[in-house]
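Residue numbers (this note's numbering): 119 to 305. Following: one structure in structure tokens, then a few remarks.
Now the structure itself:
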């Protein structure tokens with residue numbers, strides 16, 4: 119089994135914000151694969167099903183971004199899934215808007231949701247992550263304000279393409295494995 123986590127903040131106020139691109143990607147995956155995310159477990163909205171022939175638990179932590187590890191840590195313990203089979207999808211300020219990058223491990227890069235997950239994995243950074251770029255704030259705009267803004271219409275279109283690309287990468291990871299997927303092999 120894999121746990122696929124989309125990071126974001128709960129509630130309609132945040133639904134279309136840059137910081138919620140992980141939720142947006144997971145919702146799209148759930149819709150395309152026919153997996154309803156309709157239960158609450160361990161402070162996360164979850165749905166179980168299959169993606170690319172693999173059993174998956176799709177999870178959206180309802181703890182708000184900065185405490186995402188609380189929910190993810192509980193799910194990992196409950197399902198006895200090792201961190202290397204937890205794929206986290208989230209926004210990345212250091213990538214240009216709509217750029218997608220898969221990594222097998224790494225630090226939190228200043229992302230508080232990833233920092234929380236790493237803490238709840240006892241410092242283990244060896245879990246795959248799929249980053250969707252949101253770019254940097256313009257001028258002197260505070261990062262917190264920027265990530266909680268909605269995308270512009272042009273950005274929304276670009277990010278829609280990036281989300282589709284990210285879902286193809288998720289399927290590749292589940293089918294071909296992490297290493298082949300990181301080298302650019304796709305289905």
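Virtual Cβ for every residue (Gly too), placed ideally from N, Cα, C. Since the model is a prediction, treat every value here as computed from it, not as a measurement.
Please report the distance separating the alpha-carbon of residue i from that of residue j.
{"i": "residue 177", "j": "residue 258", "result": "34 Å"}
{"i": "residue 249", "j": "residue 208", "result": "5 Å"}
{"i": "residue 272", "j": "residue 134", "result": "14 Å"}
{"i": "residue 160", "j": "residue 297", "result": "30 Å"}
{"i": "residue 190", "j": "residue 256", "result": "32 Å"}
{"i": "residue 155", "j": "residue 278", "result": "20 Å"}
{"i": "residue 213", "j": "residue 179", "result": "23 Å"}
With residue i as the anchor, note down where its beta strand (DSSP E) starts and where it stops.
{"i": "residue 209", "result": "204–210"}
{"i": "residue 163", "result": "162–169"}
{"i": "residue 139", "result": "Looking at the DSSP string, residue 139 is not in any beta strand (DSSP E); the run it does join, the alpha helix (DSSP H), is 139–151."}
{"i": "residue 249", "result": "247–251"}
Which residue wins for smallest C-alpha separation from residue i, given the options the options?
{"i": "residue 264", "options": "149, 132, 294, 299", "result": "132"}
{"i": "residue 276", "options": "151, 212, 253", "result": "253"}
{"i": "residue 301", "options": "222, 123, 270", "result": "222"}
{"i": "residue 238", "options": "148, 200, 172, 216", "result": "200"}
{"i": "residue 147", "options": "228, 182, 166, 212", "result": "166"}
{"i": "residue 251", "options": "262, 234, 181, 140", "result": "140"}
What first and last residue would you give for the alpha helix (DSSP H) that runs through residue i?
{"i": "residue 289", "result": "271–294"}
Which class does residue i belong to by DSSP, given the choice of helix, strand or coil?
{"i": "residue 268", "result": "strand"}
{"i": "residue 194", "result": "helix"}
{"i": "residue 236", "result": "helix"}
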